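Peer 1: Counted the way this note's numbering counts, the sequence shown spans residues 9 to 474. We put the beta carbon where it would ideally sit given N, CA and C, even for glycine. Computed from a predicted model, the values in this text were never measured in an experiment.
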Amino acid sequence: MVKFGTANTKYLGDVMNAINDIYEKVKSRDPDQPEFHQAVLEVLESLEPVLEAHPEYASIVERVVEPDRLIHFRVPWVDDSGNVQVNRGFRIQFNGAIGPYKGGLRFHPSVNASILKFLAFEQIFKNSLTGLPMGGGKGGSDFNPKGKSDDEVMRFCQSFMMELWRHIGQDCDVPAGDIGVGGREIGYMFGMYKKLRNDFQAGVLTGKGLSYGGSLIRPEATGYGLVYFAREMLATKGKSFEGAKVSISGSGNVAQFACEKVLDLGGVPVTMSDSSGWIHDTAGIDREKLAWIMDLKNNRRGRISEYADAHDGVTFTASAPEPTPNGLWGVDVDVALPCATQNELNGAEAQMLVDNNVIAVAEGANMPCTPEAVEVFHKNGILFAPGKASNAGGVATSGLEMSQNSLRLSWSREEVDQRLENIMINIHKNASETAKQYGREGDYVFGANVAGFLKIAEAMQAQGIV
Ligand code: NDP
Ligand code: 2IT
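1. Measure the CB-CB distance between residue 218 and residue 198 and report whether it falls below 9 Å.
2. Looking at the ligand NDP, does it come within less than 8 Å of residue 350, judged from the CB to the closest heavy atom?
3. Starting from residue 358, trace the alpha helix (DSSP H) both ways and give me its first and last residue.
4. Compare the C-alpha of residue 115 against each of 125, 126, 97 and 196 and name the closest.
5. Among the candidates 44, 62 and 40, whose CA atom is the shortest distance from the CA of residue 22?
6. Should residue 111 be listed as close to the ligand 2IT, given that the test is whether its C-beta is under 8 Å from any heavy atom?
7. Fully enclosed by the stretch 207-272, which beta strand (DSSP E) runs are 3 residues long or longer?
8. Where does residue 416 land, buried or exposed, given buried means 16+ other C-beta within 10 angstroms?
9. Would you call the stretch 314-324 and the stretch 275-287 touching, i.e. three or more CB-CB distances under 8 Å?
10. The beta strand (DSSP E) with residue 126 in it runs from where to where?
11. Would you kindly report the start and end of the unbroken alpha helix (DSSP H) that includes residue 337?
12. DSSP state of residue 78, grouped into three classes?
13. Are residue 189 and residue 231 closer than 9 Å when you measure CB to CB?
14. Quick check on residue 32: buried or exposed, where buried means 16 or more other Cβ atoms within 10 Å of its Cβ?
15. Have a look at residue 330 and residue 342 and give me their C-alpha separation to the nearest angstrom.
16. What are the boundary residues of the beta strand (DSSP E) that includes residue 288?
17. Restricting to runs no shorter than 4 residues, where is the alpha helix (DSSP H) found entirely within the stretch 305-335?
18. Is the stretch 122-129 touching the stretch 150-161 in the sense that three or more CB pairs, one from each, lie closer than 8 Å?
19. Do you know whose CA, among 307, 308 and 296, lies nearest residue 319's CA?
20. According to DSSP, simplified to helix, strand and coil, what is residue 446?
21. Are the stretch 173-182 and the stretch 98-113 in contact at 8 Å, needing three or more beta carbon pairs?
22. Quick check: what's the CA-CA separation for residue 207 versus residue 200?
23. Return the residue from the list 110, 186 and 55 that minimises the CA-CA distance to residue 372.
24. Are the Cβ atoms of residue 44 and residue 133 separated by less than 9 Å?
25. Looking at residue 143 and the ligand 2IT, is the gap between the Cβ and the nearest heavy atom below 8 Å?
26. DSSP state of residue 85, grouped into three classes?
27. Are the Cβ atoms of residue 439 and residue 467 separated by less than 9 Å?
28. Residue 276 to residue 248, Cα distance in whole Å?
29. Find the nearest neighbour of residue 264 within the set 300, 405 and 164, judged by alpha-carbon distance.
30. Should residue 340 be listed as close to the ligand 2IT, given that the test is whether its C-beta is under 8 Å from any heavy atom?
31. Just checking residue 39 against the ligand 2IT - is the residue's beta carbon closer than 8 Å to any of the ligand's heavy atoms?
32. Please determine whether the Cβ atom of residue 311 lies at a distance below 8 Å from any heavy atom of the ligand NDP.
33. Would you call the stretch 85-97 and the stretch 41-56 touching, i.e. three or more CB-CB distances under 8 Å?
34. Let me confirm a value: residue 117 is counted as buried when at least 16 other C-beta atoms fall within 10 Å, else exposed. Which label applies?
35. What do you get for residue 146, buried or exposed, if any count of 16 or more other CB atoms within 10 angstroms of its CB means buried?
36. Could you give the distance in angstroms between the alpha-carbon of residue 168 and the alpha-carbon of residue 64?
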């Protein structure tokens, strides 16, 4: 018997109708948010058997697709020429059922409500999967850090925090980095938050520098965690990274440390990219070359094309608007790790990977594979991990940073890395076992969505209609 006030009796007995109605409502309320629709549809498609077993959760699904709060603000700042610039700032506090809102800030010209809502929505289930008490949130700005001076970046971050500070706190909402936001930006934002609050709340942001409350391994965590997860996937087929050729896209935080961990496990990374194009190093990107890339990207803030100029036997190919066999995903590899941005790998490119006998594809970025690409992988029996499972190591280690801040102590590199590795092994196990339980063995998308959702649904159900 469904309890009054905790279920939507209008949907009882008709699960598919419930899912369709909810999806149609999401689309009609915000018709101009395609990325958000894409992320919602992927989760809803997994929930049919869950709603068959728990019809009372239809009411939860209706609520989980609507953010708790969407904050939208003006960010004025003065550039080096003395001109006033105005950007848009956002914070989306999507779901706080299992803990304080938690998720990164993205600074990129493409940022808008649709992109941040898709990211915040994904974050709910990702954070749930980590097993740590964190709700889902995301934020950012259409500010473009590329080509800006350090001073300009600082003034922008300070102005951004002048509004954001009133909405966040270590027990309320804890932002971190994402595209365009790394240690430098977190430092400037932390400084401004501390000044405005007159309160050293170490746990209000994660991804901090080590000298003021940051955690060892947080910079490495997303990339390392991704490769730990991919290692678990390969093991299900009796394979490993030893000698495996690996294509990586992006050359930012996630890509760099994915590359490092692939090298640790004996793999051979052969590609990296940025928004201008990609490099193919058939000899493999070794540790020395990776250190060169890290210096290029993190200190000199240069372009990946410079790698081809500085190293023999490397080709640089400019990005093409359409998929082409000359593109990054046309390279013959055993494992592919898309680590740049959403929808960067489409159906035709997935087919190229399949034709080259790829074994596993694990998402380092959030939603880098289009729905058509995922379908191609599934149809061809390729191991495929969705970002909300395989890139959860970053936010999980943010959770570990929050724990250390609360305890007012710091764990060693080995201790944090061991916890990260265990969390990734557990997410892999949880997603695999959940998929198996529902007769969907090997479907990590289904397993991650359902396992992530069940914990949120239980918490929301217990807390009543709020
Ligand atoms: P960075 O800003 O450090 O690096 C982003 C990389 O992706 C750069 O090489 C960038 O190239 C490239 N890129 C960004 N946008 C585009 C685009 N529109 N087209 C082509 N290339 C692009 O970000 P991260 O490495 O932190 O993030 C990468 C992905 O991983 C994102 O999807 C993010 O959401 C996800 N992620 C990040 C986590 C983290 O802890 N940082 C955790 C979990 C997921 P260019 O410099 O030319 O723009
Ligand atoms: O997408 C993500 O999980 C992140 N950008 C990391 C979020 C965090 O709070 O560490």
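Peer 2: Taking the definition as stated:
1. no
2. Yes, the ligand NDP has a heavy atom inside 8 Å of this Cβ.
3. 355-363
4. Residue 97 is the option with its Cα nearest to residue 115.
5. 62
6. yes
7. Counting whole runs of 3 or more residues, the stretch 207-272 contains the beta strand (DSSP E) stretches 253-256.
8. exposed
9. Short answer: they touch.
10. It is not in any beta strand (DSSP E) - residue 126 instead sits in the alpha helix (DSSP H) that spans 121-137.
11. No alpha helix (DSSP H) holds residue 337; DSSP gives it neither H nor E.
12. Note: residue 78 maps to strand in three-state DSSP.
13. no
14. exposed
15. 23 Å
16. For residue 288, the enclosing beta strand (DSSP E) begins and ends at 285-289.
17. 313-318
18. no
19. The candidate whose alpha carbon is nearest that of residue 319 is 296.
20. The three-state secondary structure of residue 446, taken from DSSP, is coil.
21. Contact holds between the stretch 173-182 and the stretch 98-113, because three or more Cβ pairs, one in each stretch, are under 8 Å apart.
22. 11 Å
23. 186
24. Going by beta carbons, residue 44 and residue 133 fall outside the 9 Å limit.
25. no
26. strand
27. no
28. 12 Å
29. 300
30. no
31. no
32. Yes - the ligand NDP has a heavy atom lying nearer than 8 Å to the Cβ of residue 311.
33. no
34. Exposed, since its Cβ has fewer than 16 Cβ neighbours within 10 Å.
35. buried
36. 41 Å
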